[in-house]
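For reference, the structure is listed below as structure tokens.
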Amino acid sequence: MHKELFPFFTHYPELVYFDSAATALKPQTVVDAEVEYLTLASTNLSRGLYPLAEQTSAHADIIRKLTASFINALPEEIIFTSGTTAGLNMLALMLEESLTADDAIVVTDFEHHANYLPWKELAKRKKAEFKVLKSTDTGIISESELIQTLTDNTAIVAISALSNVTGVMQDAPRLIEAIREIVPHAVIVVDAAQYIAHKAIDVRKWDADFVTFSGHKLYGPTGVGILYGKHNFLRILKPRIYGGGMVLDACSKETTYKESPDRYEAGTQNISGIFALGAAIDFIKRIGYESLQRHDQKLQKYAEERLTDTFGNLITIIGGKDYTRRAGILSFVFTGIHPHDIATLLGEKGICVRAGEHCAKPWHRNHGYSATTRLSFGLYNSKEDIDILITALIEIVDLLKK
Amino acid sequence: MNLYQDHILDHYHNPRHFGFLKESTHQSEALNPTCGDKLAITLLIEDGTIKDLGFEGEGCAISLASASLLYDTLIGTKMTDACQKEPSDVLSLTGLAISPGRMKCALLSLETLKKALCAKIES
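Given below as structure tokens:
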């Protein structure tokens, strides 16, 4: 489906790409938007008074508004970052001042390291408690686990809405509501890096305080992302990255900073990336989330059936056999065969998958796996891709099984 | 190049010297934390020479086959010579062009060996 929209396949027509959770391929419109900036616009934001620079600024403003309406936020709540990782690290610095040694930061065991290490380090700097919610074998956080772990001193709860290992989608609005009920004053941070590629986000309905995602999991460019923050936070939190374009008065003893979002966007932004992010959001809107989900569910169902029918007890599907709970990702392990061997052999056959810990060591440690093999689907994948995978896996299992 | 050539698969399916020695003078184990590969070795050293060895491990085909290939060359070797083994020696035994991503797998066998023998020499 839609393979013709992705120039990647003009160059690699035979390749089967199952690694969209690492980075999605880019449609031609995204490539064109990036090239358009580099060739036709090519000027900086907010500083030039000549027409070309004004046009560049105006176009970036349009994309900020487009991004805001995409997740039902206000434009001043949208901070351009270089990606999810940068957004979460900056946010941890922004929240540092208000955290004390009596507080606790809580994350889940299925966080990507990007939503784990910044919080672990912040807790260490402030001598605060750092706690990890243990997920069930089906990839969710149980109510009793929440109640047990979210003590009154919880100041920050950082959770992923869709695990990049299990692919299990959290019921984000309900989970956020449950957290709010137990610890009403905690700051709730959602890592939506994977989620945004599969399901619409409405930050007003979600009621999370901060939500982050990257452009490149959304069929957009690398090096650009979004940090959404509720306006009442962004009005008062101090910037933590300093430089050009974010200051009103740099000379007086107390520096005065601009309002959000400018105060959080010091230095020259990834303008070509912002242009291309706009094209990626247009692309998603044109396809529509319903259509994206339908396509993904068709692949999830087919892949799960074919894998379990073909390999039976030899294979374990991570998060359990229930494709309706997953989005974009299907991870598995074969008894007695190392995931790295599977991924290397598939790679030799022109099938791109990922194997290892997927930057999520705590989940692997907690659930007793040294590594897993991960398939992740995009709009360009088809049932034929899964048939090619199964044929290759049969050969590999035959070669390596003891 | 195909990593999974016949001699690699042979050593993976039928690792030489698999199983620990009942009596050994030197032992060690090492982990490759990035992929969870584990190797452990026992050696019997007499008069500074490796008389016998046995290993066990869990992991990918590359790490187990390179352990089997390397350890198979060591019986009768002087301990000091075994300690001089370089990564290039292991790689030439495998005969493979190992990608940077799999290098740790291939060299875990050498790390395990050096941990058993060389630390004691140095101390």
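Protein sequence lines, in the order shown, are assigned to chains A and B. Taking the numbering used here, the leading residue of the first sequence gets 419, the next gets one more, and so forth. Taking the numbering used here, the leading residue of the second sequence gets 17, the next gets one more, and so forth. All C-beta atoms, glycine included, are put in the ideal place defined by N, C-alpha and C. As the structure is a prediction and not an experimental result, all values here were calculated from the model.
In angstroms, rounded to a whole number, what distance separates the CA positions of residue i and residue j?
| i | j | result |
| --- | --- | --- |
| A/Gln-687 | A/Tyr-787 | 40 Å |
| A/Glu-529 | A/Ala-778 | 6 Å |
| A/Ile-702 | A/Asp-450 | 16 Å |
| A/Thr-640 | A/Gly-754 | 36 Å |
| A/Ala-546 | A/Asp-805 | 50 Å |
| A/Glu-595 | A/Gly-737 | 23 Å |
| A/Ser-438 | A/Ser-500 | 19 Å |
| A/Thr-485 | A/Pro-757 | 38 Å |
| A/Ser-690 | A/Thr-503 | 19 Å |
| B/Gly-92 | A/Thr-791 | 41 Å |
| A/Ile-597 | A/Gln-588 | 13 Å |
| B/Asn-48 | A/Asp-520 | 37 Å |
| B/Leu-129 | B/Ser-84 | 12 Å |
| A/Phe-693 | A/Ile-481 | 7 Å |
| B/Glu-138 | B/Val-106 | Residue placement at B/Glu-138 cannot be trusted, given a pLDDT of 45 that sits under 50; what the coordinates show is reported in the next sentence. Whole-angstrom Cα-Cα distance: 22 Å. |
| A/Thr-865 | A/Val-550 | No statement about residue 865 of chain A is possible, as the shown extent of chain A runs from 419 to 820 and does not include it. |
| B/Glu-74 | B/Gln-43 | 17 Å |
| A/Val-453 | A/Lys-820 | 51 Å |
| A/Asn-582 | A/Glu-672 | 43 Å |
Classify residue i as buried or exposed, calling it buried when 16 or more other Cβ atoms lie within 10 Å of its own Cβ.
| i | result |
| --- | --- |
| A/Leu-593 | buried |
| B/Gly-52 | buried |
| A/Tyr-534 | buried |
| A/Thr-554 | exposed |
| B/Glu-39 | exposed |
| A/Ala-476 | exposed |
| B/Ser-125 | buried |
| A/Gly-661 | exposed |
| B/Ala-113 | exposed |
| A/Asp-609 | buried |
| A/Gly-706 | exposed |
Does any CB atom of chain B fall closer than 8 Å to the CB of residue i?
| i | result |
| --- | --- |
| A/His-785 | no |
| A/Lys-820 | yes |
| A/Ala-504 | no |
| A/Glu-766 | yes |
| A/Thr-762 | yes |
| A/Ser-749 | no |
| A/Gly-774 | yes |
| A/Ala-789 | yes |
| A/Leu-817 | yes |
| A/Asp-373 | Since the first and last residues shown for chain A are 419 and 820, residue 373 of chain A lies out of range. |
| A/His-758 | yes |
Give the range of the alpha helix (DSSP H) segment to which residue i is assigned.
| i | result |
| --- | --- |
| A/Asn-650 | 649–652 |
| A/Ser-690 | 689–705 |
| A/Leu-568 | Careful: A/Leu-568 lies outside any alpha helix (DSSP H) and carries neither H nor E. |
| A/Val-448 | 446–454 |
| A/Ser-487 | 469–488 |
| A/Ser-794 | Premise fails: A/Ser-794 lies in the beta strand (DSSP E), 790–794, not in any alpha helix (DSSP H). |
| B/Ala-77 | 77–87 |
| B/Phe-34 | Unbroken run through B/Phe-34: none, as it is neither H nor E. |
Cutting at 6 Å between CB atoms, please list the residues of its own chain near residue i, excluding the five before and the five after it.
| i | result |
| --- | --- |
| B/Ala-81 | Ile-24, His-27 and Tyr-28 |
| A/Phe-427 | Lys-421 |
| A/Ala-532 | Thr-502, Thr-503 and Leu-506 |
| A/Leu-467 | none |
Just to confirm the assignment, what range does the beta strand (DSSP E) spanning residue i have?
| i | result |
| --- | --- |
| B/Asn-48 | 42–48 |
| B/Gly-54 | The identity of residue 54 of chain B in the sequence shown is Lys, whereas the question assumes Gly. Here the beta strand (DSSP E) through B/Lys-54 covers 53–62. |
| B/Glu-72 | 65–74 |
| A/Arg-598 | No beta strand (DSSP E) contains A/Arg-598, which is instead part of the alpha helix (DSSP H) from 590–600. |
| A/Thr-734 | 733–735 |
| A/Phe-548 | 547–551 |
| A/Ile-497 | 496–499 |
Using a C-beta cutoff of 8 Å, does residue i count as contacting chain A?
| i | result |
| --- | --- |
| B/Ala-113 | no |
| B/Leu-19 | yes |
| B/His-29 | yes |
| B/Leu-123 | no |
| B/Cys-76 | yes |
| B/Gly-52 | yes |
| B/Leu-25 | yes |
| B/Arg-118 | yes |
Going along the chain, which residues of its own chain have a beta-carbon closer than 8 Å to the beta-carbon of residue i, five neighbours each way excluded?
| i | result |
| --- | --- |
| A/Leu-764 | Cys-770, Val-771, Leu-807, Ala-810, Leu-811 and Ile-814 |
| A/Asp-627 | Val-605, Ile-606, Val-607, Gly-647, Lys-648 and Phe-651 |
By Cβ distance, which residues of its chain are closer than 7 Å to residue i, with the 5 residues on each side in sequence left out?
| i | result |
| --- | --- |
| B/Cys-76 | Cys-51, Asp-53 and Cys-121 |
| A/Thr-368 | Past the edges of chain A, shown from 419 to 820, lies residue 368 of chain A, and the structure says nothing about it. |
| A/Asn-784 | Asp-527 and Lys-552 |
| A/Ile-699 | Leu-484, Thr-485 and Phe-488 |
Any beta carbon of chain E sitting closer than 8 Å to that of residue i?
| i | result |
| --- | --- |
| A/Leu-793 | Structure shown: chain E not included; protein chains present are A and B. |
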